[in-house]
Amino acid sequence: MSGRGNAAAGSPWRKRGDMILRILAALPVGYAAATLWAIALSVTLPMRPEQATTVGMLVAFAICAVAAMWSFAAKSGWKAIWVLAVAGGVAAALTWMMTRGGGVA
Amino acid sequence: MTALAFILATLAFALFGLSTDEHHRKRLGARPDPVTVLRMRGGAWAAVAAAFPFAIGAQGWVFGPILWVALLMLGAGLVFLALNLIPAPAGRK
Amino acid sequence: MSDLGDKGFRQSQAFLHTWSGLLLGWVLFAVFAAGTIAYYREGLNRWMRPELARVEQPEKVLAGAQRFLEGKAPDAKSWFITMPGATSHGATAFWVPQPKEGETRRRRRSDNQATIGADGQPATARETRGGEFFYRFHFDLYYMPVIYARWLVSIAALFMLVAILSGIVTHKKIFRDFFTLRRSKGQRSWLDGHNATAVLALPFHLMITYTGLVTLAVMLLPWATAVTFPKEGAFFEALYPEGPAVERTGRPAPLVDLTAIVRDAEAQLGGKAGYVEVVEPGDAAARVTVIRSGSTMLSSRTPQITYDGVTGKALRRSPETGAAVVTAGSMIGLHAGRYSSDWLRFLYFLCGVAGSVMVASGMVLWTVKRREKLPDPARPHFGFRLVERLNVAAIGGFPLGVAVMFWANRLLPVEMAGRAAWEVHCLFLAWGAALILSIVRKPQHNWVALLGLTGVLLAALPVFNLFGTERGLIASLWSGDMMLAGIDIAMLVFGAAFLALARRVARHKPAVPRVRRRAAAPAAVSADAQMEPAE
Chain Y
1 MSGRGNAAAG SPWRKRGDMI LRILAALPVG YAAATLWAIA LSVTLPMRPE QATTVGMLVA
61 FAICAVAAMW SFAAKSGWKA IWVLAVAGGV AAALTWMMTR GGGVA
Chain G
1001 MTALAFILAT LAFALFGLST DEHHRKRLGA RPDPVTVLRM RGGAWAAVAA AFPFAIGAQG
1061 WVFGPILWVA LLMLGAGLVF LALNLIPAPA GRK
Chain A
2001 MSDLGDKGFR QSQAFLHTWS GLLLGWVLFA VFAAGTIAYY REGLNRWMRP ELARVEQPEK
2061 VLAGAQRFLE GKAPDAKSWF ITMPGATSHG ATAFWVPQPK EGETRRRRRS DNQATIGADG
2121 QPATARETRG GEFFYRFHFD LYYMPVIYAR WLVSIAALFM LVAILSGIVT HKKIFRDFFT
2181 LRRSKGQRSW LDGHNATAVL ALPFHLMITY TGLVTLAVML LPWATAVTFP KEGAFFEALY
2241 PEGPAVERTG RPAPLVDLTA IVRDAEAQLG GKAGYVEVVE PGDAAARVTV IRSGSTMLSS
2301 RTPQITYDGV TGKALRRSPE TGAAVVTAGS MIGLHAGRYS SDWLRFLYFL CGVAGSVMVA
2361 SGMVLWTVKR REKLPDPARP HFGFRLVERL NVAAIGGFPL GVAVMFWANR LLPVEMAGRA
2421 AWEVHCLFLA WGAALILSIV RKPQHNWVAL LGLTGVLLAA LPVFNLFGTE RGLIASLWSG
2481 DMMLAGIDIA MLVFGAAFLA LARRVARHKP AVPRVRRRAA APAAVSADAQ MEPAE
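And the structure:
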């Protein structure tokens, strides 16, 4: 596994910063991504709205857990955050499409 | 039906357990070769799968899967205790 | 600590596993232990009220409840009766009085409830929360507003879910590790014990954690309904549409016999009744709703039928719920395990014990592993000391608190005011004492004291029951009351287990770690300087 071999990579502030970013990725960002996907599923799934919303909630917990795992597996704290942000963004875009584009505003 | 499912579940984990180096050596004499390990684990997975229809038969489609998982956990637990607490035959350690 | 990004996937997940398990492990242990005990909440409801006889004829109790309510609250807005079953301590009858002009709704249900015993008469039993305490505690905790408690417990559950998943992927040789149990080998024995309790009941642990989160899904994901059901309450209205509201007419009319209605409802619903609700009893507009018991089906969303309260005619059956709601309901049903048969419930209980041991052994493993890496084992750094002592306080203190609470249930005077609350206070007083002890004394002494005391207290309870109550073990076995007998036996078994554990810890003598020679012979030092594994 190639590492970042330069001296700056080992400084304690950088490590702490990286850890803080990962924790942010896991908790608030991961939670936001999970909620966004719950919403996206609630408007995308072809079933009655209360059913779709329920499915969204059930899936959200899995997303939260996976987001936490990803946050610590990612090569860096920044990468952890932006990948989750993109995932959340995709969900948001999907929601926007389904509610405006489909005329179900 | 339930009994059959339980026997299969226990058999599965007995095979899984005995396929590991340490327990195979303790109970069956020698370390297992890769082919034996593959055969035993294949058989174990087959037993796991075979237990499923009997569990469904015993309790239906809703409670059957729950029974299946419960029997697997029970079988695993019993095998774990047996393999670790029943002393190995002398001279094989 | 090298940069986390440089580590392999497995190592990163091992790191995550350790910390997500440790940070809230103390909360998790109490929650898991309480939830495990709660699988026998109905039995404990009876055990903690030894004055009450076993329910043999549920219909008689229901008829008695109706008579009681007609006498006590004939003009109430609504009555609510929990149906008695073979294992329950009786029927609980609640009533909600008519709202008076200008009076704000008071939410104290305890004023307006009574227990109807096996003979159909209102029962007098010692005031106690019974087994319900453990059920409530494991998500509402205590001494705090429930919303904070539920969030804390939910975050702990999410941490646990992450710990389980990361624990799985971090495993390299799942088969070999699974069956390994090295005894008396210090850290490795703890690891094996932790692995065994974790993997053997892994389906249960995954299920219980995930479904636990699902039970609180609406609280945890408030924005999930933001687009589909923005109006407050609209989501629930869509999920569980209510029938038309009942308007009081003011014309009195006798209420139909509830036992007949329940019989009909049970036939139509296909299972035993769990609850009976009567709205506007004694009025011409009275309605009776019978709700099927959660113990008769998997999904916790049980169907119900509403009847006219005067004629007894069936008016409305709750609509079929869609697949997603059935799934969510089944998940909640799986978590609560109310549907389970006797032996399956016992397995649930065993899995819960395994889970509690898993959490406890994980936290002890952390200190055991870290101890060998201490630069100076005689003076560990603050974090280590904190974890070590919190372990004692949480793992040693909570079981002690439970044992003390059971004793309080037996010994507190029956006429004492606020008795039920005081039983619980005793639990926390004992737990608090354990916490103080853990700060003041050395961990090994504390483990022995707490575990030993818990063992003695638990084992002594059935003995007390034999002489101090009419429901001792021999009487229970003689009358075939397996639930009460089982609880007494369980206390003996757990008491003995705690005592055995205390003895193991007391006999363990860690070798004086030789700091200078650490580099030369780390293996020898680490093998000696660990705590002996518990069985």
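Line by line, the protein sequences are chains Y, G and A.
For the first sequence, position 15 (counting from the first letter as 1) is numbered 15 according to my numbering, and the numbering increases by one without interruption.
One gets my numbering by counting positions in the second sequence from 1 and adding 1000 to each.
One gets my numbering by counting positions in the third sequence from 1 and adding 2000 to each.
Note that the Cβ used here is the ideal one computed from N, Cα and C, for glycine as well.
Same chain only: Cβ atoms within 8 Å of residue i, ignoring 5 sequence neighbours per side
{"i": "A:G2333", "result": "G2294, M2297, L2298, S2299, S2300, Y2339"}
{"i": "A:V2404", "result": "C2426, L2427, L2429, A2430, L2457"}
{"i": "Y:M19", "result": "G77"}
{"i": "A:P2443", "result": "E2388, R2389, N2391, V2392"}
Chain-order list of residues whose beta-carbon lies under 7 Å from that of residue i (same chain, five-residue window excluded)
{"i": "G:D1033", "result": "none"}
{"i": "A:I2261", "result": "V2288, V2290, Y2307, G2312"}
{"i": "A:G2035", "result": "H2138, G2352"}
{"i": "A:R2248", "result": "E2280, D2283, A2285"}
{"i": "A:G2271", "result": "R2292, S2293, T2296, M2297"}
{"i": "A:E2059", "result": "T2259"}
{"i": "Y:L41", "result": "A52, V55, G56, V59"}
{"i": "A:M2207", "result": "L2334"}
{"i": "G:A1088", "result": "K1026, R1027"}
Per DSSP, cross-strand counterpart(s) of residue i
{"i": "A:W2079", "result": "A:W2095, A:V2278"}
{"i": "A:A2307", "result": "In the sequence on display, residue 2307 of chain A carries Tyr and not Ala. Looking at the DSSP assignment, A:Y2307 forms a beta bridge with A:V2288, A:A2314."}
{"i": "A:I2037", "result": "Beta-bridge pairing links A:I2037 to no other residue."}
{"i": "A:Q2268", "result": "Bridge partners of A:Q2268: none, in fact."}
{"i": "A:I2116", "result": "A:A2091, A:P2122"}
{"i": "A:P2252", "result": "A:D2283"}
{"i": "A:A2157", "result": "The partner list for A:A2157 (beta bridge, DSSP) is empty, contrary to what the question assumes."}
{"i": "A:A2273", "result": "A:R2292"}
Euclidean distance between Cα positions of residue i and residue j
{"i": "A:G2312", "j": "A:P2281", "result": "13 Å"}
{"i": "G:V1048", "j": "G:V1062", "result": "18 Å"}
{"i": "Y:W37", "j": "A:A2073", "result": "50 Å"}
{"i": "A:F2236", "j": "A:R2183", "result": "53 Å"}
{"i": "A:L2451", "j": "A:F2398", "result": "10 Å"}
{"i": "G:T1020", "j": "G:A1055", "result": "27 Å"}
{"i": "A:G2071", "j": "A:P2319", "result": "34 Å"}
{"i": "A:R2548", "j": "A:G2337", "result": "No answer is possible for residue 2548 of chain A: it lies beyond the span of chain A, which begins at 2001 and ends at 2535."}
{"i": "Y:G5", "j": "Y:T44", "result": "Residue confidence for Y:G5 is low, a pLDDT of 44 falling below 50, so the modelled location carries little weight and cannot support an answer."}
{"i": "A:A2506", "j": "A:H2445", "result": "8 Å"}
{"i": "A:G2495", "j": "A:V2096", "result": "43 Å"}
{"i": "A:A2245", "j": "Y:F72", "result": "52 Å"}
{"i": "A:R2292", "j": "A:R2136", "result": "22 Å"}
{"i": "G:L1067", "j": "A:P2050", "result": "34 Å"}
{"i": "Y:M69", "j": "A:S2012", "result": "9 Å"}
{"i": "A:W2366", "j": "A:M2160", "result": "16 Å"}
{"i": "G:L1078", "j": "G:F1013", "result": "9 Å"}
{"i": "A:M2144", "j": "A:Y2275", "result": "29 Å"}
{"i": "A:R2503", "j": "A:W2447", "result": "10 Å"}
{"i": "G:Q1059", "j": "A:F2349", "result": "21 Å"}
{"i": "G:R1025", "j": "A:I2174", "result": "18 Å"}
{"i": "G:F1016", "j": "A:P2203", "result": "17 Å"}
{"i": "A:Y2039", "j": "A:G2131", "result": "9 Å"}
{"i": "A:R2126", "j": "A:A2459", "result": "23 Å"}
{"i": "A:S2189", "j": "A:T2180", "result": "9 Å"}
Anticipated Cβ contact below 8 Å, residue i with residue j, distance rounded
{"i": "A:F2406", "j": "A:L2461", "result": "6 Å"}
{"i": "A:G2322", "j": "Y:M97", "result": "In fact, because the Cβ distance is near 24 Å, the residues do not count as touching under 8 Å."}
{"i": "A:L2545", "j": "A:M2083", "result": "Look at the range of chain A in this structure, 2001 to 2535, and you will see that residue 2545 of chain A is not part of it."}
{"i": "Y:L58", "j": "A:T2087", "result": "So it is not a contact: roughly 31 Å between Cβ atoms."}
{"i": "Y:R22", "j": "Y:A80", "result": "5 Å"}
{"i": "A:V2357", "j": "A:V2153", "result": "Actually they are not in contact, since the Cβ atoms of A:V2357 and A:V2153 sit about 20 Å apart, beyond 8 Å."}
{"i": "A:V2031", "j": "A:A2198", "result": "Actually they do not touch by this definition, with Cβ atoms about 17 Å apart."}
{"i": "A:E2277", "j": "A:S2078", "result": "6 Å"}
6 Å CB neighbourhood of residue i in its chain, flanking five on each side removed
{"i": "A:R2517", "result": "Confidence is the limiting factor: at A:R2517 the pLDDT is only 41, short of 50, which leaves the residue's position unreliable and the question unanswerable from this model."}
{"i": "A:G2021", "result": "A2163, G2362"}
{"i": "A:V2512", "result": "Reliability of the predicted coordinates at A:V2512 is poor, the pLDDT of 45 falling under 50, and the value obtained from them is presented with this limitation in mind. Nothing meets the Cβ criterion."}
{"i": "G:F1006", "result": "L1071"}
{"i": "A:R2370", "result": "F2384"}
{"i": "G:M1001", "result": "F1054, G1057, A1058"}
Residue i: CB within 7 Å of a non-hydrogen atom of the ligand ATP
{"i": "G:I1066", "result": "As presented, the structure is devoid of all ligands, the ligand ATP included, so that no description of it is given."}
For a minimum of 4 consecutive residues, which ranges assigned as the alpha helix (DSSP H) are wholly contained in the stretch 1002-1090 of chain G? 1002-1018, 1021-1028, 1034-1085
Of all the alpha helix (DSSP H) runs that stay within the bounds of the stretch 2433-2499 of chain A, which reach a length of 4 or more residues? Complete alpha helix (DSSP H) runs here, min 4: 2443-2468, 2473-2478.
Where in the stretch 11-35 of chain Y do unbroken runs of the alpha helix (DSSP H), each at least 4 residues long, occur, reported from the N-terminal end onward? 12-24
Restricting to runs no shorter than 4 residues, where is the alpha helix (DSSP H) found entirely within the stretch 2214-2245 of chain A? 2217-2220, 2234-2239
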